[in-house]
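Visitor: Residue numbers (this note's numbering): 133 to 437. Note that CB positions come from ideal geometry on N, CA and C, so glycine has one too.
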């Protein structure tokens, strides 16, 4: 059985994720048997439909195509986080989002969705693009979740509050379609989570409008203070939401779960690398793999220029 990890982010962590993919192809025995990169998720800068984490900037279309190509030629899909809960009908015609999805619509790359309106639009305009149901929906009712599993989604990312609820996980249908967020930084049953997603969504839309004015100044997103987003891996391991490597390989996989999401789109490469080492590498190889990849990432670094 393949054990697929879905990794952040194909833009911010581009070098790290390509380095990991190359290392896995060269030294597969260092990784837990069956482990694969299921996808790399994220969005390109200034995509109005983006949700979950705020992203701004500008990117040459040639670089966009090259990023997609580099992952795709290694058999790795890019999954677009199109989960902005503030999307309205007028945003469906966004030229950048449509152009990028057109370039990515090759049957391999995928979309993660929240809005039914945007989902219907993508299914109509980009019919070859597999669709994933987002954890941003915050589905916490078992019957509602079971109904979601029956829909035409390639995967359904579960609400993290189900992570260690084995009464639910054991009887959930279509476990092969479920994706578990294994390292959440959030607190259990966070009451501000939906507000945070909406704040990010409004900022993403406003950022697009700001960029179109070409003022040359960065957009300042609306403030939403959340210390949880700054937590490192080892500040989350004691959370009741945390899923350990031992639990993945000895409990979840035998139950039929094979898709696991590592979050971290907005955190430094070093923290994300530690998650990869922790979850994907055999314990006896962790130190060597960590050092090897760090050396690859920093080989051109100079203290003095």
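Which same chain residues end up closer than 7 Å to residue 176 when comparing Cβ atoms and leaving out the 5 residues on each side of it in sequence?
Guide: Counting from 1 along the chain shown, the entry for residue 176 is found at position 44. Cβ neighbours of residue 176 within its own chain (closer than 7 Å, five residues either side excluded): 143, 191, 196, 232.
Visitor: What does a CB cutoff of less than 7 Å around residue 377 pick up in its chain, not counting 5 residues either side in sequence?
Guide: Position 245 of the chain shown, counted from the first residue, corresponds to residue 377. A distance below 7 Å between beta-carbons, with the five flanking residues on each side excluded, links residue 377 to the following residues of its chain, in chain order: 410, 411.
Visitor: Would you kindly check if the distance between the Cβ of residue 264 and the Cβ of residue 223 is under 8 Å?
Guide: Here residue 223 is taken as the residue at index 91 of the chain shown, counted from 1. Here residue 264 is taken as the residue at index 132 of the chain shown, counted from 1. Residue 223 places its beta carbon 8 Å or farther from that of residue 264.
Visitor: In chain order, which continuous runs of the beta strand (DSSP E) of length 3 or greater are located wholly inside the stretch 273-348?
Guide: 287-289, 310-313
Visitor: Note down, one range per segment and in chain order, each beta strand (DSSP E) of at least 3 residues found wholly within the stretch 222-254.
Guide: 242-245
Visitor: Can you tell me whether residue 138 is helix, strand or coil according to DSSP?
Guide: The count along the chain shown starts at 1 and reaches residue 138 at position 6. Three-state result, residue 138: strand.
Visitor: Are the stretch 295-308 and the stretch 374-390 touching by the rule of at least three beta carbon pairs closer than 8 Å?
Guide: yes
Visitor: Does the separation of the CB atoms of residue 242 and residue 209 fall below 8 Å?
Guide: By one-based count along the chain shown, residue 242 stands at place 110. By one-based count along the chain shown, residue 209 stands at place 77. It is a contact, given that the beta carbons lie within the stated cut-off.
Visitor: Does the stretch 391-406 come within contact of the stretch 309-328, defined as at least 3 CB pairs closer than 8 Å?
Guide: yes
Visitor: With a CB to CB cut of under 7 Å and the five nearest residues on each side skipped, what residues in its chain are close to residue 280?
Guide: Against the chain shown, residue 280 aligns to sequence position 148. Excluding residues within five positions, the ones whose Cβ falls inside 7 Å are 265, 271, 288.
Visitor: Looking at the unbroken alpha helix (DSSP H) that takes in residue 420, where does it start and where does it end?
Guide: Your numbering for residue 420 matches position 288 in the chain shown. 418-430 is the span of the alpha helix (DSSP H), which, as asked, contains residue 420.
Visitor: Inspect the CB distances between the stretch 357-374 and the stretch 413-421 and report whether three or more fall short of 8 Å.
Guide: no
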